[in-house]
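>
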Amino acid sequence: PRTQGSWTARKHASTQAYFEWMPVRPTSLAGGQHLYRRFRFGTLTELIIPDLRSYRDKQSSARVDDPTQSITGAEQYTWLETSVTTSSTRWQVIGSEVMMVPLTIPESTDPRLADWLHEKIGLPQDGIPVNNDQWDGYAAERRKLLSAIDAAGKKNVVLVAGDIHSSWASELPLNVSHYGSDRSGRTVACEFTVPSITAASPHDTIAVNRALEAPTTALLSAGREAIRLTNPWIKDVELTSHGFGVMTVTAARAEMEWFYVDDVLDPRSATRRAFGWHTRAGDPKLRRT
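Going by full-length UniProt numbering, the letters in the sequence shown line up with residues 1 to 289, in that order.
1. Taking R53 as the reference, which of R63, T45 and I71 has the closest Cα?
2. Going by DSSP, what residues sit across from L220 in a beta bridge?
3. How long is the line joining the alpha carbons of K285 and W277, rounded to whole angstroms?
4. What's the gap between the Cα of E213 and the Cα of A274?
5. Is Y179 buried or exposed, if buried means 16 or more other CB atoms sit within 10 Å of its CB?
6. On the three-state DSSP scale, how would you describe P26?
7. List the residues that DSSP assigns as beta-bridge partners of G5.
8. Is A148 closer than 9 Å to E81 when the C-beta atoms are compared?
9. Since I believe L103 is in contact with V130 (beta carbons under 8 Å), could you give me their beta-carbon distance rounded to a whole number of angstroms?
10. Along the alpha helix (DSSP H) that carries G285, what are the first and last residues, could you check?
11. Taking only the alpha-carbon atoms, compute the straight-line gap between P106 and N231 and give it to the nearest angstrom.
12. Considering only residues of the same chain and omitting the five flanking positions on each side of F39, which have a CB-CB separation below 6 Å?
13. In this structure, how does DSSP classify Q16 when only helix, strand and coil are distinguished?
14. Quick one: grab the DSSP three-state call for Y55.
15. Closest by CA to M100, which one among A252, T271, P215 and A161?
16. Tell me which same chain residues have a C-beta within less than 7 Å of the C-beta of F244, skipping the five on either side of it?
17. If we call anything under 9 Å between Cβ atoms a contact, is S177 one with Q134?
18. When the Cα atoms are used, what is the spatial distance from K58 to I164?
19. Note down, in chain order, each residue of its chain lying with its Cβ closer than 6 Å to the Cβ of S167, except the 5 sequence neighbours on either side.
20. Identify whether W258 lies in helix, strand or coil by the three-state DSSP scheme.
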């Protein structure tokens, strides 16, 4: 602040520059510009884009179950919940800057013991978060939103996420500890997370030289299995490749296909389809394509 000015002034200047130079429509609320918005594509899809960086509370592992801990801020949360639950289109697609799916270390695979540990000892209801920078750091607000989606009877809510530089296909359960055991753990929505184009993947971060390639591959292979074993709502995860996702939405289903490029530094490198997952209208569970 001493050399660059106040944070508020710099934020205002950067927001002004963004809207002046980026090919997006400016939006306003309560006299100020904001980035969150929504787009409607006929009666088929509404694309809802929240801003999960500008209004969030500071990350805190001790407060993940605190109902006042917010990743959206109060005003934007109301907008987000209302946008999803009152949408009249067949599909509601939320573009989430960070993953919503719980990526946690569960306290127990027994839902009764998990409930007891939460109620009596105060352990996080959805498990111990691995990364509190994403929705896991705001678990109470996540449950609030998923409960609202469930109460509104919305069966066609799909999230598309990024930020984590890897590929994920996941279901979003209403109650994590009861997933697969009873109705309270039912799937409410699903999420597709696409990889980075060039930013370092988990593999790149670990394998900093050629000698580390083989052990890194083995480590991440074991890590993938551990993730899916402890977080069974995560149906697929790939921690190495760079590329992009192509999403296709029809009246019958929403599908994501992941495409990878073998060498992002080689313009001649071919693009290959790696895998795909889809969800059917009226049933938020995932199926491999």
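For every residue, glycine included, the Cβ atom is placed at its ideal position computed from N, Cα and C.
Quick look at the numbers:
1. The sequence position of residue 53 within the sequence shown is 53, counting from 1. The option with the nearest alpha carbon to R53 is I71.
2. Taking the sequence shown and counting its residues from 1, one reaches residue 220 at position 220. Paired residue(s): none; L220 is not in a bridge.
3. Here residue 285 is taken as the residue at index 285 of the sequence shown, counted from 1. Here residue 277 is taken as the residue at index 277 of the sequence shown, counted from 1. Those two C-alpha atoms are separated by around 10 Å.
4. As a working note, residue 213 is residue 213 in the sequence shown. As a working note, residue 274 is residue 274 in the sequence shown. Taking the straight line from one Cα to the other gives about 20 Å.
5. Position 179 of the sequence shown, counted from the start, is the residue given in the question as residue 179. With 16 or more Cβ atoms within 10 Å of its Cβ, Y179 is classed as buried.
6. Position 26 of the sequence shown, counted from the start, is the residue given in the question as residue 26. Note: P26 maps to coil in three-state DSSP.
7. Position 5 of the sequence shown, counted from the first residue, corresponds to residue 5. For G5, which the question treats as bridged, DSSP gives no partner whatsoever.
8. By one-based count along the sequence shown, residue 81 stands at place 81. By one-based count along the sequence shown, residue 148 stands at place 148. Against a cut-off of 9 Å, the Cβ pair of A148 and E81 comes out as a contact.
9. As a position in the sequence shown, residue 130 is number 130, starting the count at 1. As a position in the sequence shown, residue 103 is number 103, starting the count at 1. Right, the Cβ-Cβ distance comes to about 5 Å (below 8 Å), so this counts as a contact.
10. Residue 285 sits at position 285 when you count from the first residue of the sequence shown. For the sequence presented, residue 285 should be read as Lys rather than Gly. Premise fails: K285 lies in the beta strand (DSSP E), D283 to R288, not in any alpha helix (DSSP H).
11. Within the sequence shown, the letter at position 106 stands for residue 106. Within the sequence shown, the letter at position 231 stands for residue 231. Spanning the two alpha carbons is a distance of roughly 8 Å.
12. Position 39 of the sequence shown holds residue 39. Answer for F39: L47, listed in chain order.
13. On the sequence shown, position 16 is the one that residue 16 refers to. In this structure, Q16 counts as helix in the three-state DSSP scheme.
14. Counting from 1 along the sequence shown, the entry for residue 55 is found at position 55. The answer is coil: DSSP assigns Y55 none of H, G, I, E or B.
15. On the sequence shown, residue 100 is found 100 positions in, with the first residue counted as 1. Ranking A252, T271, P215 and A161 by Cα distance to M100 puts A161 first.
16. As a working note, residue 244 is residue 244 in the sequence shown. So the list reads V194, I197 and F259, once near-sequence residues are dropped.
17. The residue you call residue 177 lines up with position 177 of the sequence shown. The residue you call residue 134 lines up with position 134 of the sequence shown. Not a contact, by the Cβ cut-off of 9 Å.
18. On the sequence shown, position 58 is the one that residue 58 refers to. On the sequence shown, position 164 is the one that residue 164 refers to. Cα to Cα, K58 sits roughly 19 Å from I164.
19. Along the sequence shown, one-based indexing puts residue 167 at 167. Cβ neighbours of S167 beyond the five flanking positions: P195, E238 and W258.
20. As a working note, residue 258 is residue 258 in the sequence shown. Strand.
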